[in-house]
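First the structure, in the form of structure tokens, and then the observations on it.
Residue numbers (the numbering used here): 2 to 397.
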């Protein structure tokens, strides 16, 4: 038996933000990140719509990129004091992910992150509040997923939380919000989305319900991401749908070791954080080469390659064509090939090697590793991470 879970309602298309005025309740807390949603007027519109619906509104502002345990706890405390029956999260993946975790601690103050880090171990939610997610970026698809990523900066670890309980009740996918993304964010979130779809398609948990979503998302992103990056707003609008379809696929099929590695390298080094979408983009071609040593994975990658119009007379040739195409997309999006080149070399080589064994062990233990199509040991993970640091050929 398998399970397929999506939000109860998903509103999409230009102007769908206005659906907020139809929420039924008494109090809503709005969780938001930095200043962009306020600067572009979307936060004011959400508040106005909620008030038009007759709800009392309170704001929790300032969720940082890669939200912290501390931020989650502050938000949960505000919710316990305000007692909302709607949690509305607007912005990129960070405020929506943070709000999901806040929601859990609001309803269950005595739970712990240690409890929640066990995949699919959440308590039953919705005894106090429902959840509405409104994405402003085209990548994480957290508005339709059962996942949240929270960072413990004291330990230097990202926790990927996973449970169908935190799938939002309502998702509003309005492309007007995505049109405000700067170029670099467009690139990183877009490659995050294609990684979601590719990993979902080759996952050991893929099924007839997730495969068409993954393939169509891959095709859309392949067709539209570069144009979106270069300012074509019609392509940007289509990308907002594509990333959501990719989210529907991976929320139910799960992911693989590209994400395991991105989670565990993201906050591990003192030189700076490796932005999640950029990490996925750098690691994806290298992981495909590793996974394709498995014949079934190679066949699935070959199907992806054919579906987007790449050529090859064998699975091996199709895999190589897919890797070359992803590398080509990265170049067009000004994404580096490896960790060593990231942001001019901010990840120190000596520190990377000093932490290699520990990071590799954490990556193998990540929740995303279990559904990767090829099993991996900590020793192999060390070698794979080394390939990602130097852009070395995968020969194992």
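Note that CB positions come from ideal geometry on N, CA and C, so glycine has one too. Predicted model, so just to flag it, every value in this text is computed and none were measured.
When burial is assigned at 16 or more other CB atoms within 10 Å of the CB, is residue i buried or exposed?
| i | result |
| --- | --- |
| residue 208 | exposed |
| residue 128 | exposed |
| residue 347 | exposed |
| residue 278 | buried |
| residue 101 | buried |
| residue 383 | buried |
| residue 113 | exposed |
| residue 139 | buried |
| residue 163 | buried |
| residue 305 | buried |
| residue 143 | buried |
| residue 34 | buried |
| residue 317 | exposed |
| residue 121 | exposed |
| residue 110 | exposed |
| residue 9 | exposed |
| residue 175 | buried |
| residue 322 | buried |
| residue 149 | buried |
Looking at the structure shown, is residue i part of a helix, part of a strand, or coil, going by DSSP?
| i | result |
| --- | --- |
| residue 310 | coil |
| residue 82 | helix |
| residue 72 | helix |
| residue 118 | coil |
| residue 287 | helix |
| residue 29 | strand |
| residue 255 | coil |
| residue 3 | coil |
| residue 232 | coil |
| residue 155 | coil |
| residue 144 | helix |
| residue 377 | coil |
| residue 211 | coil |
| residue 206 | coil |
| residue 37 | helix |
| residue 372 | helix |
| residue 305 | helix |
| residue 270 | coil |
| residue 294 | coil |
| residue 95 | helix |
| residue 279 | helix |
| residue 48 | helix |
| residue 112 | coil |
| residue 346 | coil |
| residue 128 | coil |
| residue 249 | helix |
| residue 329 | helix |
| residue 338 | coil |
Determine the closest residue to residue i out of the options, with distance taken between C-alpha atoms.
| i | options | result |
| --- | --- | --- |
| residue 300 | 140, 188, 203 | 203 |
| residue 161 | 333, 50, 98 | 98 |
| residue 103 | 87, 289, 157, 74 | 74 |
| residue 59 | 84, 24, 342 | 84 |
| residue 22 | 70, 80, 36, 89 | 89 |
| residue 165 | 5, 379, 358 | 5 |
| residue 235 | 15, 206, 3 | 15 |
| residue 256 | 87, 146, 397, 342 | 146 |
| residue 80 | 117, 28, 292, 240 | 28 |
| residue 39 | 172, 77, 61 | 61 |
| residue 339 | 242, 35, 393 | 393 |
| residue 11 | 119, 48, 44, 170 | 170 |
| residue 30 | 37, 56, 41 | 56 |
| residue 373 | 358, 361, 201 | 201 |
| residue 154 | 36, 312, 268, 32 | 268 |
| residue 167 | 134, 177, 281 | 134 |
| residue 287 | 249, 264, 327 | 327 |
| residue 86 | 315, 196, 132, 222 | 132 |
| residue 210 | 242, 249, 237, 266 | 249 |
| residue 105 | 325, 124, 92, 396 | 124 |
Check the DSSP bridge columns for residue i and list the partner residues they point to.
| i | result |
| --- | --- |
| residue 149 | 162 |
| residue 219 | According to DSSP, which records beta bridges pairwise, residue 219 is partnered with nothing at all. |
| residue 133 | 89, 171 |
| residue 12 | 173 |
| residue 58 | 29 |
Check whether chain B comes within 8 Å of residue i, counting only Cβ atoms and requiring the distance to be less than that.
| i | result |
| --- | --- |
| residue 236 | Protein chain content of the structure displayed is limited to a single chain, and chain B is not contained in it. |
**Request:** State whether the segment 180 to 196 contacts the segment 222 to 230, with contact taken as three or more CB pairs (one from each stretch) at a distance under 8 Å.
**Result:** yes
**Request:** Say whether the segment 177 to 189 touches the segment 260 to 275, bearing in mind that this needs 3 or more beta-carbon pairs closer than 8 Å, one atom from each stretch.
**Result:** no
**Request:** Specify whether the segment 346 to 362 and the segment 321 to 331 touch according to this definition: at least 3 beta carbon pairs, one from each stretch, less than 8 Å apart.
**Result:** no
**Request:** Evaluate contact between the segment 362 to 376 and the segment 210 to 222, counting only Cβ atoms and requiring at least three cross-stretch pairs below 8 Å.
**Result:** no
**Cβ contact check for the segment 246 to 264 and the segment 286 to 304: 3 or more pairs under 8 Å** = yes
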